[in-house]
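Report on the following structure.
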Amino acid sequence: MRWTLLGALVGSPAAMIRGVAPEMQGQYAQGLRCNGQEVAASAINDNYCDCEDGSDEPGTGACSGQEGTLFHCANVGSTPRLVYASRVGDGICDCCDGSDEDLDQVTAAKCSNTCKEEGARFRAER
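Counting from 292, one number per residue, gives the positions in the sequence shown under the numbering used here.
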């Protein structure tokens with residue numbers, strides 16, 4: 292699987308929204324409503340904060356400062372985690388899989404996937 296710029300998985304029957312945990316994807320399946328209005332699918336993760344709660348930007352840092360706007364790191368091989376949206380695209384690799392930086396090609400090159408090693412270390416500590 293690979294990510295497109297807007298965060299959809301290419302070739303998947305239902306597009307996955309970048310930065311949203313798998314169990315929360317259904318909230319976006321029927322469209323998103325905020326501020327009393329429908330938000331177009333093209334406005335999700337477009338790097339512009341349309342919703343006061345930041346729910347339209349789960350995969351960018353556009354709505355940083357919102358305590359409820361969290362980015363989901365899948366971290367396959369380690370432990371999934373949530374990071375504040377303000378940490379997405381900030382040049383620091385917060386997710387062991389680098390997914391919080393992977394839209395910025397310069398930073399993405401610096402974020403190697405260390406989830407396998409991190410997961411092994413966590414399991415050894417238990």
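We treat Cβ as the ideally placed atom computed from N, Cα and C, and that holds for glycine. These numbers come from a predicted model, not from an experiment.
- Under the 8 Å Cβ criterion, the stretch 308-325 counts as touching the stretch 336-351, having at least three qualifying pairs.
- Secondary structure of Y375 (DSSP, three-state): strand.
- A straight-line Cα-Cα distance of about 22 Å links A365 and G356.
- Residue environment analysis places A376 among the buried positions, since at least 16 neighbouring C-beta atoms fall within 10 angstroms of its C-beta.
- Between I335 and G317, the alpha-carbon positions lie close to 14 Å from each other.
- Per DSSP, reduced to three states, the secondary structure at R417 is coil, with no helix or strand assignment.
- A distance below 7 Å separates the beta carbons of D391 and R378.
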